[in-house]
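Numbering (the numbering used here), first residue to last: 2 to 250. All residues carry an ideal CB built from backbone N, CA and C; glycine is no exception. I have placed the structure first, in the form of structure tokens, so that the comments after it can refer back to it.
Right, dumping it as structure tokens:
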């Protein structure tokens, strides 16, 4: 009987030890779970902070670009813009086109010739881009420089140009004129110049123009030109635009 009591006490002690070990194990497991949960929340918070820092820096870049009259590429992806322009091109009349082609998809060049307005409305930045439309006629641009012609009376005769620059289509069917100020505002786009013509494009057959008549028929009698007589006492030098070359008489 004494031995049974002793064994029972030992059994109870072992049970108590097992319970104590179980409580310690549970506490250890709880600590590990808390540590894992804390590490997981820390990682998520780090991702959120990095995302917030990137978006803040991106927003700052967008605002700085807007202050300089530019649209950041993160506002409108170039690939998306090109897709939209191609869709718009399909809706344009056959005589008009956008200043963008398959072989020249330069977004910076396109924006350089466009007008951008940025408006801040109700905590939103609104970008309004005005892209110029081009006539599908291609023109050759000429600088009108009068050539002095000596007369029998000792003075010279010149044809006074109606405009400083003359643009004539490849087919010689259409033309328009530009002043010096208008020419200075022309933009170099890809392999050609983009000029804003404030006047309508004229048909050469329907409007008399001295320079156009001389270009198309240089040996015929010209009635639409303004002639000017003048005395020449010194040499005339005329520097060609953007060239190291001169015309003189």
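Strictly by DSSP, which residues pair up with residue 256?
This structure cannot settle anything about residue 256, because the visible part of the chain is limited to 2 through 250.
Ignore the nearest five residues each way along the sequence and tell me which others in residue 97's own chain have a CB closer than 6 angstroms to its CB.
Taking the first residue of the chain shown as position 1, residue 97 is located at position 96. Counting only Cβ-Cβ distances below 6 angstroms, and skipping sequence neighbours, we find 134.
Other residues of its chain near residue 164: CB distance less than 8 angstroms, five sequence neighbours each side excluded
Looking up residue 164 in the chain shown gives position 163. Hits under 8 angstroms: 145, 178, 179, 180 and 212.
Can you tell me whether residue 80 is helix, strand or coil according to DSSP?
Locating residue 80 in the chain shown gives position 79, where the first residue counts as 1. Helix, per DSSP.
Just the C-alpha distance for residue 188 and residue 173, rounded to the nearest angstrom, thanks.
As a first step, residue 188 is located in the chain shown; it is residue number 187 there, counting from the start. As a first step, residue 173 is located in the chain shown; it is residue number 172 there, counting from the start. Take the alpha-carbon of residue 188 and the one of residue 173: they are about 23 angstroms apart.
So, is residue 140 buried or exposed, given that buried needs 16 or more other C-beta atoms within 10 angstroms?
For the purposes of this step, residue 140 is taken as residue 139 along the chain shown, with counting starting at 1. Residue 140 is buried by the Cβ-count criterion.
Quick check on DSSP: helix, strand or coil for residue 64?
Sequence index remark: in the chain shown, residue 64 carries index 63 (1-based). Residue state, collapsed to three classes: helix.
Would the stretch 146–155 count as touching the stretch 122–130 if we require 3 or more Cβ pairs under 8 angstroms?
As far as the Cβ criterion goes, the stretch 146–155 does not touch the stretch 122–130, which means the pair count is below three.
What does DSSP give as the partner residues of residue 189 in its beta bridges?
As a first step, residue 189 is located in the chain shown; it is residue number 188 there, counting from the start. DSSP lists 194 as partners of residue 189.
Keeping to the same chain, check which residues put their C-beta closer than 8 angstroms to that of residue 195; ignore five residues upstream and five downstream.
Translated into positions along the chain shown, residue 195 becomes position 194. Within the same chain, residue 195 has close Cβ partners 100, 114, 133, 135, 187, 188 and 189.
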